[in-house]
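As structure tokens, the structure follows; a few thoughts come after it.
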Amino acid sequence: MSAPPGSIRILVVDDEAAPLEALTDALHHHGYVADGFRSGRTALDAFAKTRYDLILTDLMMPGMDGIAVLQEVKRLDADAVGILMTGAGTIATAVEAMKAGAFDYLLKPFTLSFLIPVLMRAISVRALRVENSALQRGMRARTAELEIANRELESFSYSVSHDLTSPLRAISHFSAILDEEHAGKLDEAGRAQLGRIRANAERMGQLIESLLMLSTISRSPIAAEQVDFSALAVAVGSILRDSEPARPVSLVVADGLSASGDPALLRVLLDNLIGNAWKYTGRQSAPRIEVGATATATHPPTFFVRDNGAGFDAAYAYKLFIPFQRLHRAEEFPGTGIGLSIVARIVRRHGGRIWAESAVDQGATFFFTLSASDLA
Ligand SMILES: Nc1ncnc2c1ncn2[C@@H]1O[C@H](COP(=O)(O)OP(=O)(O)O)[C@@H](O)[C@H]1O
Ligand SMILES: [Mg+2]
Numbered sequence: 002m003s004a005p006p007g008s009i010r011i012l013v014v015d016d017e018a019a020p021l022e023a024l025t026d027a028l029h030h031h032g033y034v035a036d037g038f039r040s041g042r043t044a045l046d047a048f049a050k051t052r053y054d055l056i057l058t059d060l061m062m063p064g065m066d067g068i069a070v071l072q073e074v075k076r077l078d079a080d081a082v083g084i085l086m087t088g089a090g091t092i093a094t095a096v097e098a099m100k101a102g103a104f105d106y107l108l109k110p111f112t113l114s115f116l117i118p119v120l121m122r123a124i125s126v127r128a129l130r131v132e133n134s135a136l137q138r139g140m141r142a143r144t145a146e147l148e149i150a151n152r153e154l155e156s157f158s159y160s161v162s163h164d165l166t167s168p169l170r171a172i173s174h175f176s177a178i179l180d181e182e183h184a185g186k187l188d189e190a191g192r193a194q195l196g197r198i199r200a201n202a203e204r205m206g207q208l209i210e211s212l213l214m215l216s217t218i219s220r221s222p223i224a225a226e227q228v229d230f231s232a233l234a235v236a237v238g239s240i241l242r243d244s245e246p247a248r249p250v251s252l253v254v255a256d257g258l259s260a261s262g263d264p265a266l267l268r269v270l271l272d273n274l275i276g277n278a279w280k281y282t283g284r285q286s287a288p289r290i291e292v293g294a295t296a297t298a299t300h301p302p303t304f305f306v307r308d309n310g311a312g313f314d315a316a317y318a319y320k321l322f323i324p325f326q327r328l329h330r331a332e333e334f335p336g337t338g339i340g341l342s343i344v345a346r347i348v349r350r351h352g353g354r355i356w357a358e359s360a361v362d363q364g365a366t367f368f369f370t371l372s373a374s375d376l377a
């Protein structure tokens, strides 16, 4: 950590010529680059022009005192390390010096054997401060870049989705007219092709709608309140049951689940998670879906949606929350592959975490929290 003395530049300020010369000579002798100045003003002029790592300044000086010098130095370089030299070594001055950003102070007169360890410590601190500042600058730059890239990506996907809807609507509209008014002029193969066009246009419409949903969720502000999660889950379940009344799905929702979050977004979250559970239990003879919170009383609670359906290979779990990634073929289970990305964004926007456990044909459980204070 300690750099060779030759690369360390020290600025020394003392209004008295003799001690100033003695100190700069001693520092030169130890291999440091040291420049001496008789006043705070001239020292600061030099500091503004050249890089110095350490500033050794006398406290009592006519005009500008050592504390003012250090304050000014800090303004020019927040990472500079200052050491105050004082004859009037009262606690009060030391405290004041520390407030001004002095790293240490030396009681005058001091010997070289006393000065050198103080210098070494100051040099290490200087190196750490410089390194830390560089890291922070790098991090800030990287964060800013990421934020810009993210915003660009979001507005891009929003405008793409948005601009795609009108030509698509035209395709759907005209193929519907073709189908309804001119189907008689087509032979059976022609009608089948037309059917495929209409089905694909419809699927594209769903994809675009999901994409728009995905970017809307990243933009809309969160309006958090206490939500009756149990009631919400039951409501989602009854809509699914209405859509497929013949399916014997047993939906068990734990009583008293309460979550703090945006009710509209939590609704979308449960629509997707329970909707998936509903869909991926489609081949079970006794499909069962359970919504609850884990038994351990964590705060905030860890909720889960569990099913006994098709499950998935846990090795591919990392793909689940990426848009358009699906672990099942469309012929097996239809879908767009966006639902869980929407869910993950909702969870993230609430400061929570989501993860899943599953094995092929063993059902799946999706766990999630809705707050950053989650310790799991
Ligand atoms: N409950 C579940 N059981 C098994 N696999 C699931 C379940 N939920 C999601 N998956 C898998 O994760 C993929 C992504 O889910 P999702 O984003 O909701 O898309 P979609 O349901 O449209 O396919 C699904 O294609 C499926 O392979
Ligand atoms: Mg889905």
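Numbering (the working numbering), first residue to last: 2 to 377.
All C-beta atoms in this analysis are idealised placements derived from N, C-alpha and C, irrespective of residue type, glycine included.
From a predicted model like this one, the values you see are computed outputs, not experimental measurements.
Margin query: Between 245, 264 and 56, which has its C-alpha nearest residue 283's C-alpha?
Written below: Looking at the Cα atoms, 245 is the closest of the given residues.
Check: Going along the chain, which residues put their C-beta within less than 7 Å of some heavy atom in ligand 1?
Finding: Going by the Cβ distance cut-off, the answer is 273, 277, 278, 280, 281, 308, 310, 311, 312, 313, 321, 326, 327, 328, 329, 334, 336, 337, 338, 339, 340, 341, 342, 359, 365 and 367.
Next item on the list: Report all residues from its chain with a CB closer than 6 Å to the CB of residue 71; omit the five preceding and five following residues, and keep chain order.
Entry: So the qualifying residues of the chain are 83, 101, 102 and 103.
Notebook entry, point to check: What first and last residue would you give for the alpha helix (DSSP H) that runs through residue 203?
Noted result: Start and end: 189-220.
Check: alpha helix (DSSP H) containing residue 99: first to last residue?
Finding: First-last of the alpha helix (DSSP H) with residue 99: 92-100.
Note to self: I'd like to confirm the pairing. Which residues does DSSP put opposite residue 10 in its beta bridges?
What the structure shows: DSSP, once it has assigned bridges, lists 34 as partnering residue 10.
Margin query: Which complete alpha helix (DSSP H) runs does the stretch 213-285 hold, if anything under 4 residues is left out?
Written below: Taken in chain order, the unbroken stretches of alpha helix (DSSP H) that lie wholly in the stretch 213-285 and span 4 residues or more are 230-244 and 264-281.
Next item on the list: Please name the residue in 265, 316 and 229 whose C-alpha comes closest to that of residue 254.
Entry: Considering only alpha carbons, the answer is 229.
Check: When the Cβ atoms of the stretch 158-166 are set against those of the stretch 178-185, are three or more pairs found closer than 8 Å?
Finding: When C-beta atoms of the stretch 158-166 are compared with those of the stretch 178-185, fewer than three pairs fall below 8 Å, so the two segments do not count as touching.
Next item on the list: Write down the C-beta distance between residue 56 and residue 98 rounded to the nearest angstrom, noting that I regard them as a contact closer than 8 Å.
Entry: Contact between residue 56 and residue 98 is absent: CB atoms are separated by about 12 Å, not below the 8 Å threshold.
Notebook entry, point to check: Between residue 206 and residue 135, what straight-line distance do the alpha-carbon atoms span, to the nearest angstrom?
Noted result: Going by the C-alpha atoms only, they are around 48 Å apart.
Notebook entry, point to check: Can you give the Cα-Cα distance for residue 269 and residue 183, rounded to whole angstroms?
Noted result: Their Cα atoms are separated by approximately 40 Å.
Note to self: DSSP has residue 308 in a bridge; who is on the other side?
What the structure shows: DSSP lists 290 and 365 as partners of residue 308.
Next item on the list: Alpha carbon to alpha carbon, how far is residue 236 from residue 194? Give it in angstroms, no decimals.
Entry: Approximately 39 Å, taken between the alpha carbons.
Next item on the list: Can you give me the start and stop residues for the alpha helix (DSSP H) that residue 123 sits inside?
Entry: Element bounds for residue 123: 113-183.
Checklist line | Cβ separation of residue 289 and residue 309, assumed to be a contact under 8 Å, to the nearest whole Å | finding: The pair is a contact, with the Cβ atoms about 5 Å apart (cut-off 8 Å).
Notebook entry, point to check: Beta carbon of residue 271, beta carbon of residue 209: below 8 Å?
Noted result: Not closer than 8 Å, so no.
Margin query: Measuring straight from C-alpha to C-alpha, what distance separates residue 267 and residue 258?
Written below: Whole-angstrom Cα-Cα distance: 13 Å.
Item checked: Same chain, Cβ closer than 8 Å to residue 155, neighbours up to 5 away in sequence not counted -> Within the same chain, Cβ atoms closer than 8 Å to the Cβ of residue 155 are found at 216, 219 and 220, the five residues on either side in sequence being excluded.
Checklist line | As assigned by DSSP and simplified to three states, the class of residue 325 | finding: It is coil, neither helix nor strand.
Notebook entry, point to check: Who are the Cβ neighbours of residue 329 in its own chain at under 8 Å, not counting the five residues just before and after it?
Noted result: So the qualifying residues of the chain are 281, 311, 313 and 336.
Next item on the list: Figure out for me which residue from 279, 301 and 242 has the closest Cα to the Cα of residue 227.
Entry: Closest option to residue 227, Cα to Cα, is 301.
Checklist line | Alpha-carbon to alpha-carbon, residue 320 and residue 249 | finding: Spanning the two alpha carbons is a distance of roughly 30 Å.
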